[in-house]
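A.B. asks: Residue numbers (our numbering), protein chains in the order written: chain A, 37 to 259; chain B, 37 to 259.
Glycine residues also receive a C-beta, built at the ideal position from the N, C-alpha and C atoms.
Here it is, the structure in full.
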DNA sequence: TTATTTATGTATCGAGCACTACACAACCAA
DNA sequence: TTGGTTGTGTAGTGCTCGATACATAAATAA
């Protein structure tokens, strides 16, 4: 029925036909995200959403499709927010990147300016009655996050800042576990300080380059 | 209205008045527990429960009160099951106890004979719309579990198998985080093998007694 | 037997759910 | 203006939710 046209830089529809929307779509989406984040998917009702967004049901449905599509957009928005706030890929070493990510998450999970915990983790647990397609999307995103860690560690091995022979998959699993656990701890009222202490502990696992070894690429080190 | 008389060994009510119950209460509770474990609290409907328990709504309400009370009994039953299956308190050292607990959980969380993940963790995330009293009970149980770990570590310090000066609270937080994370990983399809690898990593954090030091009580060691 | 007590099956209850039909309002093109 | 198009507010739709009213069944107590 409706084409999901992305209104990106080029070729924004030049002329709006019909009555213009009377609310800020992005602001409404942000409000919806906050509710989903706080209550999860199933426990959030349409009336919860319309109240928070300041619109009526028909406006919600015409702008976002249905509850599931709105949720998917909220997830997307959440992930973009996270990506913008924590450019951990800028760190030169794998260890630095993971430490930065964990420390950022520890701070943000306990932040009081938004719901506690990670929206993705909350979504994971509150979508057991959602459609299989939605569950599949969520599962894929979680696996992608874990794989992101794994690839960063693998890059570290290639670049020589992580010892060769390190099991990148197992290490990624470990830090994924830590991240998921911290999210639940935050929901349960853990403080920023407490979470950072756990991060400190978790970083002790990270394999160190034997003392005296170069931190350059393997090829360089072998030369 | 109704006295919650525990029909324990002594003084079981000698004569049942009125029509006797036509179903096995324990079996029905076990069936309900399985459903709550799989779907969480909110996503489980009364009809889900009555179907799994093989009874009609009035029987459910007369035997268990309401959905929340049934859930509380299911939680209780779940925790007893866990306590019986993993007597980790029998381990002589704190490290051994925690390692045994984590390994048991890693195996059990990925077990296919019952829903994956820990029922308490699932409950934590799927009770955002439950009554505040239920949420308080769940929160207390989670804090109690964390405190259990902390006290076991503290005992290890007293008995000399954990280095003096160890921050028992921070260490308990760390292993709580691991346990919570493993539960989510298991829900996401993590294998027993993968979880055990994470346990292996997590145990490397545990503070070791300096080499050559005695493992006896501090008093003995000081002598 | 009759009275009392308790459990069960049928058949709902009112409330809230996700979602929408419909009339109207607000903008464009002509 | 007139017609076409699209968003908005009112007022619902059918459905499922948690929980029950009620008549009856099955036990004990007298």
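Just to make sure I have the definition right: I need the residues of chain A whose C-beta is within less than 8 Å of the C-beta of residue 165(B). Which are they?
C.D. replies: Counting from 1 along the second chain, the entry for residue 165(B) is found at position 129. Residues of chain A passing the Cβ test: 75 and 79.
A.B. asks: Are there 16 or more other CB atoms within 10 angstroms of the CB of residue 246(A), so buried, or fewer, so exposed?
C.D. replies: Working through the first chain from its first residue, we reach residue 246(A) at position 210. Answer is exposed; the Cβ neighbour count stays below 16.
A.B. asks: Establish whether the CB of residue 217(B) and some CB of chain A are separated by less than 8 Å.
C.D. replies: The residue you call residue 217(B) lines up with position 181 of the second chain. So yes, residue 217(B) belongs to the interface.
A.B. asks: List the residues of chain B that residue 212(A) touches, going by C-beta distances under 8 Å, in chain order.
C.D. replies: Here residue 212(A) is taken as the residue at index 176 of the first chain, counted from 1. Within chain B, the residues near residue 212(A) are 217 and 221.
A.B. asks: Assign residue 144(B) to one of three DSSP states: helix, strand, or coil.
C.D. replies: Taking the first residue of the second chain as position 1, residue 144(B) is located at position 108. Three-state DSSP puts residue 144(B) in a helix.
A.B. asks: What residues in the stretch 168-180 of chain A have a beta carbon less than 8 Å from any beta carbon of chain B?
C.D. replies: If the cut-off is 8 Å between Cβ atoms, the stretch 168-180 of chain A has 175, 178 and 179 near chain B.
A.B. asks: Three or more C-beta pairs under 8 Å: does that hold for the stretch 86-97 of chain B against the stretch 108-128 of chain B?
C.D. replies: Output reads no: the stretch 108-128 of chain B does not touch the stretch 86-97 of chain B.
A.B. asks: Classify residue 55(B) as helix, strand or coil using the three-state DSSP reduction.
C.D. replies: Taking the second chain and counting its residues from 1, one reaches residue 55(B) at position 19. Three-state DSSP puts residue 55(B) in coil, outside helix and strand.
A.B. asks: Three or more beta-carbon pairs under 8 Å between the stretch 189-196 of chain B and the stretch 186-201 of chain A, yes or no?
C.D. replies: Verdict: no, contact absent.
A.B. asks: Give me, in chain order, the residues of the same chain whose beta-carbon lies closer than 7 Å to that of residue 56(B); leave out the 5 immediate sequence neighbours on both sides.
C.D. replies: The sequence position of residue 56(B) within the second chain is 20, counting from 1. If we look at residue 56(B) and ignore the five residues flanking it on each side, it has no Cβ neighbours.
A.B. asks: Determine the DSSP secondary structure at residue 199(B), reduced to helix, strand or coil.
C.D. replies: For the purposes of this step, residue 199(B) is taken as the residue at position 163 of the second chain. Coil.
A.B. asks: Using a threshold of 8 Å, state whether the C-beta atoms of residue 234(B) and residue 209(A) are closer than that.
C.D. replies: Here residue 234(B) refers to the residue found at position 198 of the second chain. Here residue 209(A) refers to the residue found at position 173 of the first chain. Yes. Within cutoff.
A.B. asks: For residue 92(B), which residues of its own chain have a beta-carbon under 8 Å away from its beta-carbon, when the five flanking residues on both sides are left out?
C.D. replies: Here residue 92(B) corresponds to residue number 56 of the second chain, with the count starting at 1. 86, listed in sequence order.
A.B. asks: Are three or more beta carbon pairs between the stretch 144-160 of chain B and the stretch 202-222 of chain B nearer than 8 Å?
C.D. replies: The stretch 144-160 of chain B vs the stretch 202-222 of chain B: in contact.
A.B. asks: Could you tell me which chain B residues have their CB closer than 9 Å to the CB of residue 241(A), listed as they occur along the chain?
C.D. replies: On the first chain, residue 241(A) is found 205 positions in, with the first residue counted as 1. Simply 237, 238, 240 and 241.
A.B. asks: Taking CB distances under 8 Å as the criterion, tell me whether residue 201(B) reaches chain A.
C.D. replies: By one-based count along the second chain, residue 201(B) stands at place 165. No, because no Cβ of chain A sits closer than 8 Å to the Cβ of residue 201(B).
A.B. asks: For residue 70(A) and residue 100(A), I'd like the C-alpha separation in whole angstroms.
C.D. replies: Looking up residue 70(A) in the first chain gives position 34. Looking up residue 100(A) in the first chain gives position 64. The alpha-carbon atoms of residue 70(A) and residue 100(A) are separated by roughly 16 Å.
A.B. asks: Check the Cβ of residue 157(A) against every Cβ in chain B and list those closer than 7 Å, keeping chain order.
C.D. replies: In the first chain, counting from the first residue as 1, residue 157(A) sits at position 121. Ordered by position in chain B, the residues that pass the 7 Å Cβ test against residue 157(A) are 220.
A.B. asks: Can you name the start and end residues of the alpha helix (DSSP H) that residue 61(A) belongs to?
C.D. replies: Start at 1 with the first residue of the first chain, and residue 61(A) comes out as number 25. Where residue 61(A) is concerned, the enclosing alpha helix (DSSP H) stretches over 61-75.
A.B. asks: Please identify the residue among 103(A), 211(A), 115(A) and 227(A) whose C-alpha is closest to the C-alpha of residue 82(A).
C.D. replies: Start at 1 with the first residue of the first chain, and residue 82(A) comes out as number 46. Nearest option by C-alpha distance: 103(A).
A.B. asks: From 232(B), 228(B), 201(B) and 216(B), pick the residue whose C-alpha is nearest to that of residue 146(B); which is it?
C.D. replies: Your numbering for residue 146(B) matches position 110 in the second chain. It is 228(B).
A.B. asks: Within 7 Å: the Cβ of residue 58(A) and any heavy atom of the ligand HEM?
C.D. replies: With respect to the ligand HEM, the structure offers nothing, as it holds no ligand at all.
A.B. asks: Please state if the CB of residue 66(B) and the CB of residue 113(B) are separated by a distance shorter than 8 Å.
C.D. replies: As a first step, residue 113(B) must be located in the second chain, where it is residue number 77. As a first step, residue 66(B) must be located in the second chain, where it is residue number 30. For residue 113(B) and residue 66(B), yes; Cβs fall inside 8 Å.
A.B. asks: Note down the Cα distance separating residue 199(B) from residue 191(A), rounded to an integer number of angstroms.
C.D. replies: Sequence index remark: in the second chain, residue 199(B) carries index 163 (1-based). Sequence index remark: in the first chain, residue 191(A) carries index 155 (1-based). Going from the Cα of residue 199(B) to the Cα of residue 191(A) covers about 37 Å.
A.B. asks: Between which two residues does the alpha helix (DSSP H) carrying residue 217(A) extend?
C.D. replies: Position 181 of the first chain, counted from the first residue, corresponds to residue 217(A). Here the alpha helix (DSSP H) through residue 217(A) covers 204-223.
A.B. asks: Considering only residues of the stretch 97-155 of chain A, which uninterrupted alpha helix (DSSP H) runs meet the minimum length of 4 residues and lie entirely inside it, listed in chain order?
C.D. replies: Fully enclosed alpha helix (DSSP H) runs of 4 or longer: 103-121 and 130-145.
A.B. asks: So, at 7 Å on beta carbons, what are the nonlocal neighbours of residue 171(A) in its own chain, with the 5 sequence-adjacent residues on each side left out?
C.D. replies: As a first step, residue 171(A) must be located in the first chain, where it is residue number 135. Counting only Cβ-Cβ distances below 7 Å, and skipping sequence neighbours, we find 163.
A.B. asks: Let's test the definition: count the other Cβ atoms within 10 Å of the Cβ of residue 37(B) and tell me whether it reaches 16, buried, or not, exposed.
C.D. replies: Counting from one through the second chain, the residue named residue 37(B) turns up at place 1. Only weak support exists for where residue 37(B) lies, its pLDDT of 36 falling under 50; the value from the coordinates is given anyway. Answer is exposed; the Cβ neighbour count stays below 16.
A.B. asks: Can you list the residues of chain A that residue 234(B) reaches, using a CB-CB cut of under 8 Å?
C.D. replies: Taking the second chain and counting its residues from 1, one reaches residue 234(B) at position 198. Within chain A, the residues near residue 234(B) are 206, 209, 210 and 213.
A.B. asks: Flag residue 160(A) as yes if its beta-carbon sits less than 8 Å from any beta-carbon of chain B, otherwise no.
C.D. replies: In the first chain, counting from the first residue as 1, residue 160(A) sits at position 124. Residue 160(A) counts as touching chain B.
A.B. asks: May I have the straight-line CA-CA distance separating residue 115(A) from residue 216(B), to the nearest angstrom?
C.D. replies: Taking the first residue of the first chain as position 1, residue 115(A) is located at position 79. Taking the first residue of the second chain as position 1, residue 216(B) is located at position 180. Approximately 22 Å between the Cα atoms of the pair.
A.B. asks: Output yes if chain B places a C-beta closer than 8 Å to the C-beta of residue 192(A); else output no.
C.D. replies: Translated into positions along the first chain, residue 192(A) becomes position 156. No - not a single Cβ of chain B is within 8 Å of the one on residue 192(A).
A.B. asks: Given a limit of 9 Å on CB to CB distance, which residues of the stretch 48-73 of chain A reach chain B?
C.D. replies: Against chain B - using a Cβ distance shorter than 9 Å - the stretch 48-73 of chain A contributes no residues.
A.B. asks: Helix, strand or coil, according to DSSP, for residue 191(B) in the structure here?
C.D. replies: By one-based count along the second chain, residue 191(B) stands at place 155. Reduced to three states, the DSSP call for residue 191(B) is helix.
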